[in-house]
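Scroll down for the structure; my scribbles are underneath it.
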Amino acid sequence: MENYSEELSYCSTCWQKSRKYLYCHHCEITPTFSSWTSGSDEIDQLIQENQLKPKYDDHNCWRWIDYTELDNIEYLSEGGYGTVYKAVWNHMPEEIKKNYLNDSKMIAMKKLNNSQNLVKDFTNEVNQDPITNEYTIIMQYCNEGDLKNIIKRKDKPLSWRVRLLMLSNITYALKNIHENGYIHCDIHPGNTLKNEYYTYLSDLGLCKPANYEEKSNEIYGIIPYMAPEVLRGKPFTPASDIYSLGMFMWELTSRKAPFDNRSHDAHLILDICKGIRPEIVKGTPEIYVNLMKSCWQNDLSKRPTCEEIYDLISEWYIHNENTEIYKIFKKADEEMENNIELEISTQHPEAYYISRPLNKHINTANLLSRDIREEDLAIEWPDSNSVNINEINDELETNNSNLK
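What follows is the structure, encoded as structure tokens:
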């Protein structure tokens with residue numbers, strides 16, 4: 001989300017003052033506005049304003065894509081707020097195609113449920129289903145799919161180096177989101193996408209239904225990934241994203257979803273608010289466990305920032321084979337490979353891993369116990385679980401100094 005120079009100069013073609021970076025918006029951008037329309041004045045204006053902003057390159061511009069430009073539309077999956085497809089974009093512009101890792105015209109489409117009246121919650125390319133009138137976001141197609149399915153494939157080895165790289169990619173994306181004043185609100189492996197080289201955090205801004213209204217008090221999400229304060233009716237914050245990231249970290253160790261063996265109901269909400277967390281998987285490196293626990297503490301003020309997490313994960317990842325950190329994770333690879341705890345388990349029929357409205361379960365939890373209220377939930381973690389990010393940094397420095 002860089003800011004590029006707004007310095008103006010005279011265009012050599014039209015001799016009007018324009019941004020001198022990359023292109024003249026008088027000659028190359030504004031004349032195209034009359035050649036397309038989304039059918040919505042608000043959306044047209046949103047896209048046009050984005051196209052007129054200075055950019056590093058053309059492929060970062062938003063644009064309207066007519067549904068007739070898409071072929072071979074194929075269903076992939078469905079989530080709480082929309083349905084995902086893949087398709088071929090026949091007239092993909094060269095400036096976009098050249099930024100793909102290959103010559104494929106394959107793209108991913110997310111159709112947003114109940115988005116007929118949606119105005120401004122868009123990123124990247126946009127189009128509209130001509131039958132349902134629901135809006136669709138066009139994104140880069142990631143051929144390896146989401147991490148939810150990658151993690152579950154226990155027949156495929158998942159080294160700690162790969163896990164750390166994926167986690168580093170995700171925390172870097174979340175760090176940028178937080179630094180720009182946003183909150184993701186719906187972090188879980190199903191909202192991450194992977195290609196051959198990189199893992200992406202997806203669905204920014206889609207944590208609520210597309211027709212969400214601010215005055216609505218409905219809470220949406222997946223219970224195991226939701227911070228206890230959110231389950232008590234408090235607003236989402238960057239710290240609640242960090243809690244979700246902690247659950248994501250646990251899933252990378254267990255290769256199964258948290259609390260998959262029980263019903264996702266009011267009783268689980270109560271337990272989460274009381275401090276119940278998934279059991280630590282045998283063989284998980286202690287430095288990783290400490291960081292994970294610091295993320296899912298009940299007291300949100302004690303959770304680390306995403307920048308702190310990213311710095312640590314990146315530090316662990318770059319260590320070469322002669323360092324103590326490398327040996328720690330290499331040993332964990334060997335131990336966890338033979339861990340019988342990682343055998344395939346049966347998911348409870350009432351365990352739900354797509355975002356859904358939760359007020360009914362939260363209200364039931366209130367009726368079951370007053371423990372759900374904040375004043376009754378001043379629970380402190382036992383000393384063994386209370387972890388400070390500075391302690392993890394100190395441990396890392398100690399391990400490094402032992403090598404000198």
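Quick note, the sequence shown lines up with residues 1 to 404 if you use full-length UniProt numbering. Idealized CB from N, CA, C, for every residue including glycine. It should be emphasised that the depicted structure is a prediction, and the values quoted were computed from it without experimental measurement.
For Leu-193, the enclosing beta strand (DSSP E) starts and ends at 192-194. Pairing Ile-183 with Leu-245 gives a Cβ-Cβ distance that is not under 8 Å. By DSSP's assignment, Val-88 forms a beta bridge with Asp-71, Met-106. By the Cβ-count criterion, Lys-156 is exposed, with fewer than 16 other Cβ atoms from all chains shown falling within 10 Å of its own Cβ. Using a C-beta cut-off of 8 Å, the region 189-197 makes contact with the region 144-151, since at least three inter-stretch Cβ pairs fall below that distance. It is roughly 22 Å from the alpha-carbon of Pro-357 to the alpha-carbon of Lys-274. Of the candidates Ala-365, Tyr-198, Gly-39, Ala-365 places its Cα closest to the Cα of Ile-272.
As the crow flies, the alpha-carbon of Leu-174 is around 16 Å from that of Lys-194.
By the Cβ rule, the region 249-265 does not count as touching the region 195-202, because fewer than three pairs are nearer than 8 Å. For Leu-367, the three-state secondary structure derived from DSSP is helix. Around the CB of Lys-110, 16 or more other CB atoms lie within 10 Å, so the residue is classed as buried.
The three-state secondary structure of Gln-140, taken from DSSP, is strand. DSSP, reduced to helix, strand and coil, places Ser-355 outside both helices and strands of the structure shown, so it counts as coil. In the DSSP assignment, Thr-171 falls within the unbroken alpha helix (DSSP H) covering 160-179.
Bounds of the alpha helix (DSSP H) holding Thr-253 are 238-254. Excluding its 5 nearest sequence neighbours in each direction, Ser-159 has C-beta neighbours in its own chain below 8 Å: Asp-333, listed in chain order.
The three-state reading of DSSP puts Leu-201 in strand, counting E and B together. Our two residues, Gly-39 and Met-226, have alpha carbons roughly 37 Å apart in a direct line. The continuous stretches of alpha helix (DSSP H) do not include Asp-260, and DSSP gives it neither H nor E.
Three or more Cβ pairs closer than 8 Å define a contact, and the region 262-269 falls short of that threshold against the region 294-309.
The DSSP-derived three-state label of Asp-66 is coil. For Ile-219, no alpha helix (DSSP H) segment is defined, and its DSSP state is neither H nor E.
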